[in-house]
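2 protein chains.
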Amino acid sequence: MGLSKKDSFDTLQNRIADLAKALGHPARVAILQFLANQNACMCGDIVEELPLSQATVSQHLAELKRVGLIKGEIDGPKMCYCIDKKAWNEAKDLLSQFMGDVKKCC
Amino acid sequence: MGLSKKDSFDTLQNRIADLAKALGHPARVAILQFLANQNACMCGDIVEELPLSQATVSQHLAELKRVGLIKGEIDGPKMCYCIDKKAWNEAKDLLSQFMGDVKKCC
DNA sequence: AACTTTTATCGTAATATTACGATAGACTAT
DNA sequence: ATAGTCTATCGTAATATTACGATAAAAGTT
């Protein structure tokens, strides 16, 4: 079918998967790189940086907002997007812990 | 439409996204946790560990194989799956570097 | 050879994602 | 008030993902 079985997995597994899914598109990786390499929030011109339409970029931004990695605040006519430090660090910790626990294997 | 624009992004962005996408499902996170917490490869009984059908688990394993995070080798009647250390470390480095470059912001 | 076990693949259906044009909503500036 | 700018949302279409039963393929066992 396609009926989601996500409830059968635990909260941590779901959170890791959800964060990873948000990173699972090159446009969103590019957006985050852009925001992360800036010393300030990004106001207005994200669309110009990407080879995608305004509607599509807005959709990707909404997905990043959904998982909490970025937050947007209104600045007069424009919108300013910033990395959400708290969620970003949570994501970094979760992922690095997850990737870190490999024991020696074959 | 839905026509992929992935070619418009660079190789690194695509690789990060592709790895993240592979981690973007709780079943695959669970499989990797399972393999990573073992001191040996996992032969045979992965399906029993998951609340999914054999066909679905096989599909998730194929996805993990596709990105290179695991490798499978035939052991008589069974199949042994192992974390691919090389790809795993590459993934860990890529992700931690990606998550690491945040400058101070708002 | 016939049977069992294990895993991959095929076929199929439901749902989700990706993408864009068009439109609406919010704000500034004239 | 009107016009311009920026962003979100709606509508829609194409494609991808998720899930499973059924079947095939490969290996060991009797």
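Protein chains in written order, with the numbering used here: chain A, 580 to 685; chain B, 580 to 685. Using N, Cα and C, we set each Cβ at its ideal position, and we do this for glycine too. Since the structure is predicted, the reported quantities are computational estimates derived from the model, not experimental observations.
Original post:
residue 633 of chain A CB to nearest chain B CB: under 8 Å?
Top reply: Using beta-carbon distances, residue 633 of chain A does not count as an interface residue toward chain B, since no partner is under 8 Å.
Subject >> Enclosing alpha helix (DSSP H) for residue 655 of chain A [first to last residue] >> reply: For residue 655 of chain A, no alpha helix (DSSP H) run applies, since DSSP gives it neither H nor E.
Subject >> Cβ of residue 603 of chain A within 8 Å of any chain B Cβ >> reply: For residue 603 of chain A, the nearest beta carbon of chain B is closer than 8 Å to its own beta carbon.
**OP:** Using a Cβ-Cβ cut-off of less than 7 Å, list which residues of the region 583 to 594 of chain B approach chain A; keep chain order.
**Re:** Close to chain A, meaning a Cβ-Cβ distance shorter than 7 Å, are the following residues of the region 583 to 594 of chain B: 584, 585, 587, 588, 592 and 593.
Original post:
Ordered along the chain, which non-local residues of its own chain (more than five positions away) have a Cβ less than 8 Å from that of residue 651 of chain A?
Top reply: The residues 640, 644, 658, 659, 660 and 661, in chain order, have a CB closer than 8 Å to that of residue 651 of chain A in the same chain once the five nearest residues on each side in sequence are set aside.
Original post:
Counting pairs of beta carbons, one from the region 597 to 606 of chain B and one from the region 598 to 610 of chain A, are three or more of them closer than 8 Å?
Top reply: These segments touch.
**OP:** Please name the residue in B/587, B/588, B/597 and B/586 whose C-alpha comes closest to that of residue 669 of chain B.
**Re:** With distances taken between Cα atoms, residue 669 of chain B lies closest to B/597.
Original post:
Would you say residue 663 of chain B and residue 679 of chain B are within 8 Å of each other, going by their C-beta atoms?
Top reply: No. Outside cutoff.
**OP:** Please name the residue in B/638, B/590, B/622 and B/582 whose C-alpha comes closest to that of residue 655 of chain B.
**Re:** If we check each option's Cα against that of residue 655 of chain B, B/622 comes out closest.
Original post:
Expressed to the nearest angstrom, what Euclidean distance is found between the alpha-carbon atoms of residue 615 of chain A and residue 649 of chain A?
Top reply: So the two alpha carbons sit approximately 10 Å from each other.
Original post:
DSSP beta-bridge partners for residue 651 of chain B?
Top reply: Answer is B/660, bridged to residue 651 of chain B.
Subject >> Contact belief for residue 594 of chain A with residue 673 of chain A at Cβ below 8 Å, rounded distance in angstroms >> reply: Rounded, the Cβ-Cβ distance is 7 Å, consistent with contact.
**OP:** Output the distance between the C-alpha atoms of residue 634 of chain B and residue 585 of chain A, rounded to the nearest integer angstrom.
**Re:** Going by the C-alpha atoms only, they are around 17 Å apart.
**OP:** Take residue 642 of chain B and list the residues in its own chain whose beta-carbon comes closer than 7 Å to its own, dropping the five residues that flank it on each side.
**Re:** Hits under 7 Å: 601 and 607.
Original post:
Quick one, which of B/681, B/667, B/653 and B/619 has its alpha-carbon nearest residue 666 of chain A's?
Top reply: Closest option to residue 666 of chain A, Cα to Cα, is B/681.
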